[in-house]
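**Student:** Going letter by letter, the sequence shown gives residues 0 to 94 in numbering that gives the first Met the number 0.
In this text, a Cβ means the ideal position worked out from N, Cα and C, and glycines have one as well.
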Amino acid sequence: MREEEIEKLRGVVRDCVSKHLYSSAIFFADKVAALTNDPADVYMQAQALFLGRHYRRAFHLLNASKIVLRDLRFRYLAAKCLEELKEWEQCLSML
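#1: Determine the direct distance from the alpha carbon of Gln44 to that of Asp37, and round the result to whole angstroms.
#2: Could you round the C-beta distance between Phe49 and Ala39 to whole angstroms and report it? I think they count as a contact, below 8 angstroms.
#3: Leaving out five residues on either side along the sequence, give the residues of the same chain with a beta carbon under 8 angstroms from the beta carbon of Ile5.
#4: Excluding five sequence neighbours on each side, which residues of the same chain lie with their C-beta closer than 6 angstroms to the C-beta of Ala78?
#5: Going by DSSP, what residue range makes up the alpha helix (DSSP H) through Val41?
#6: What residue range is occupied by the uninterrupted alpha helix (DSSP H) comprising Ile66?
#7: To the nearest angstrom, how far is it from the Cα of Arg69 to the Cα of Leu81?
Dropping the structure here:
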């Protein structure tokens, strides 16, 4: 897929999030992340999952990416997921 098509899909994800259409945002973010495997797209997918209240799925996505150990955005979102899941010890260790 060409970069401009992927950028359009990213725009669709952002548009869905801005309209609180989280299920649609999750769907399109999953497609973008699968096509690119770019950390920014994985983060966008995790954010959509978080906003859609799929906290465990978002945490596992972030944790599986291994970027959570290096990127503070990933770590903070993973900790927010754990907070919502009431996994306090894991949340503290993530921070």
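**Tutor:** The relevant details are as follows:
#1: The residue labelled residue 37 in the question sits at position 38 within the sequence shown. The residue labelled residue 44 in the question sits at position 45 within the sequence shown. Distance from the CA atom of Asp37 to the CA atom of Gln44, rounded to whole angstroms, is 11 angstroms.
#2: Residue numbering aside, residue 49 sits at position 50 when the sequence shown is read from its first letter. Residue numbering aside, residue 39 sits at position 40 when the sequence shown is read from its first letter. No, Phe49 and Ala39 are not in contact; Cβ-Cβ is about 15 angstroms, not under 8 angstroms.
#3: Start at 1 with the first residue of the sequence shown, and residue 5 comes out as number 6. Same-chain partners within the cutoff: Val31, Leu34 and Thr35.
#4: On the sequence shown, position 79 is the one that residue 78 refers to. Once the five neighbours on either side are set aside, the close Cβ partners of Ala78 are Cys90, Met93 and Leu94.
#5: Sequence index remark: in the sequence shown, residue 41 carries index 42 (1-based). Counting along the chain, the alpha helix (DSSP H) containing Val41 begins and ends at Pro38 to Leu50.
#6: Against the sequence shown, residue 66 aligns to sequence position 67. It is not in any alpha helix (DSSP H) - Ile66 carries neither H nor E in the DSSP assignment.
#7: The sequence position of residue 69 within the sequence shown is 70, counting from 1. The sequence position of residue 81 within the sequence shown is 82, counting from 1. Distance between the alpha carbons of Arg69 and Leu81: 18 angstroms.
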